[in-house]
Amino acid sequence: MNRYMKLFTMSMLAVFLFAACEEENNEDSNNDPGENEVWMEDIAFSPSEKNVSVGTTVKWINKDDVDHTVTSSEGLFDSGNIAAGEIYEYTFDSAGTYDYVCTLHSGMTGTVIVGETGSNGDDDNGGGGGDY
Ligand SMILES: [Cu+2]
1 MNRYMKLFTM
11 SMLAVFLFAA
21 CEEENNEDSN
31 NDPGENEVWM
41 EDIAFSPSEK
51 NVSVGTTVKW
61 INKDDVDHTV
71 TSSEGLFDSG
81 NIAAGEIYEY
91 TFDSAGTYDY
101 VCTLHSGMTG
111 TVIVGETGSN
121 GDDDNGGGGG
131 DY
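The numbering of the sequence shown is the numbering used here, which starts it at 1 and goes up by one.
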């Protein structure tokens, strides 16, 4: 009988922990940039380094209350001012490393690393991202 009580308690605990974790995950997914999204939040790009494959359209979403820009360091793209809540999109058609800045906030910088189609998964597993 004791053993059953212990098992029962353990399983109840497991269910409780699982529910708690799931709630946390849901919260995270609401507070994190989605796939192919970069958020402008707290005067920073998040994530500041983004790995995508060729042909990907990256969405920058301004979550701050102030304007930002997404401006390529090589002059490849320039969003102009992005107001609070606005979105800027750019499609990366060739592989490479693309640095960009916000021209309104010094030190607000980001990088998009575009890999050949099909090699992106390998890159992620290689530990470059750190998110996985
Ligand atoms: Cu900015």
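Using N, Cα and C, we set each Cβ at its ideal position, and we do this for glycine too. Quick caveat, the model's predicted, so the values are computed rather than measured.
Listed by position along the chain, the residues with Cβ atoms less than 5 Å from a non-hydrogen atom of ligand 1 are H68, C102, L104, H105 and M108. Fewer than three beta-carbon pairs drawn from the segment 106 to 113 and the segment 81 to 88 are found closer than 8 Å, and the two stretches are therefore not classed as touching.
Ranking P33, M5 and S48 by CA distance to the CA of Y100 puts S48 first. Straight across, the Cα-Cα distance linking E37 with M10 is about 40 Å. In terms of Cα proximity to E89, the closest of T69, S73 and A95 is T69.
For F77, no beta strand (DSSP E) segment is defined, and its DSSP state is neither H nor E. With 16 or more other Cβ atoms inside 10 Å of its own Cβ, T56 counts as buried. In the displayed model, N51 falls within a strand according to three-state DSSP. It is roughly 46 Å from the alpha-carbon of E35 to the alpha-carbon of R3.
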